[in-house]
Amino acid sequence: MKDCLNQFSYVGYSGSVKHGGHLFYRCRCGCKGEKTLPLTRADEKIIKSSQPEVHKVWHVFCRKFGVSSGWKFRGAELQDAVEKWAEKYPEDVQIVGCDDNHFMSSILVLIEHQAKDRYMGTSVIFIPQNEDAPSDFFLYPGHRGALEKALAIIWRKSQKTMNRQNKVDRARFRYFGKRAKDLK
Ligand SMILES: [Zn+2]
């Protein structure tokens with residue numbers, strides 16, 4: 001077994017100065033040796049300045065529409081309210097259409113968890129037009145990338161399929177168009 005390097009890398013922090021927080025260090029040699037330092041005010045200042053409010057818009061959304069405390073509206077009423085609210089955040093909120101399980105026009109609301117120098121991920125909220133409760137999930141950058149790839153594959157395949165479909169549809173219309181000669 002090789003000797004321990006006794007060299008420590010910063011791995012993270014916990015808590016705050018007020019509540020006796022710590023900085024955590026782990027030995028680089030892989031021996032799993034750990035050391036801690038008590039968090040100082042200077043440390044805390046740097047932590048705060050490097051973590052601006054990435055969740056700001058999400059928190060505004062949650063408070064306004066009651067995500068964790070119970071949705072304040074549902075269905076079309078909620079869709080309308082969210083679409084109006086989103087106009088205030090063109091950089092952070094996007095809305096795309098979809099259908100719910102009753103084939104009624106519904107929406108996906110995409111809310112960025114971002115700040116000037118930071119992107120953490122995207123919240124997606126499904127708001128069905130039927131009166132079911134909305135649901136939401138979070139995409140980390142890796143998830144978002146995987147979803148983009150999956151949608152790109154679907155897009156490529158569906159283009160070919162839809163081209164064939166158009167040919168079949170046009171042929172059918174030509175056939176029934178010719179049947180017009182039988183009209184009396
Ligand atoms: Zn070590």
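What the sequence shown shows, in this note's numbering, is residues 1 to 184, in sequence order.
Virtual Cβ for every residue (Gly too), placed ideally from N, Cα, C.
Cβ pair residue i, residue j closer than 9 Å
i    : j    : result
D43  : Y89  : no
K72  : W85  : no
M162 : N130 : no
F61  : I127 : no
I107 : V82  : yes
Y25  : K32  : no
V54  : Q114 : yes
R41  : D132 : no
F138 : S123 : yes
S49  : C27  : no
Best match in the options for proximity to residue i [C-alpha to C-alpha]
i    : options               : result
G15  : L37, Q79, F8, G30     : L37
S69  : P134, V124, I95       : P134
Q79  : E91, D92, D99         : D99
D136 : V82, D117, V67        : V67
V96  : A76, K18, I125, E77   : I125
L147 : K160, Q165, C27, G121 : G121
V11  : V17, H22, C4          : H22
Outcome for residue i when other beta-carbon atoms lying within 10 angstroms are tallied against a minimum of 16
i    : result
P141 : exposed
V109 : buried
L187 : This structure does not reach residue 187, given that the chain is present from 1 up to 184, and the question cannot be answered.
V93  : buried
W58  : buried
I154 : exposed
Strand pairing of residue i, partner residues [DSSP]
i    : result
Y140 : BP columns for Y140 are empty, so no partner.
H22  : S14, P38
G121 : H113
S158 : DSSP, once it has assigned bridges, lists no residue as partnering S158.
Q79  : BP columns for Q79 are empty, so no partner.
I95  : V109
C27  : F8
is_contact[residue i, chain E] using C-beta, thresh 9 Å
i    : result
H143 : Checking the listed chains, one finds no chain E in this structure; it contains a single protein chain.
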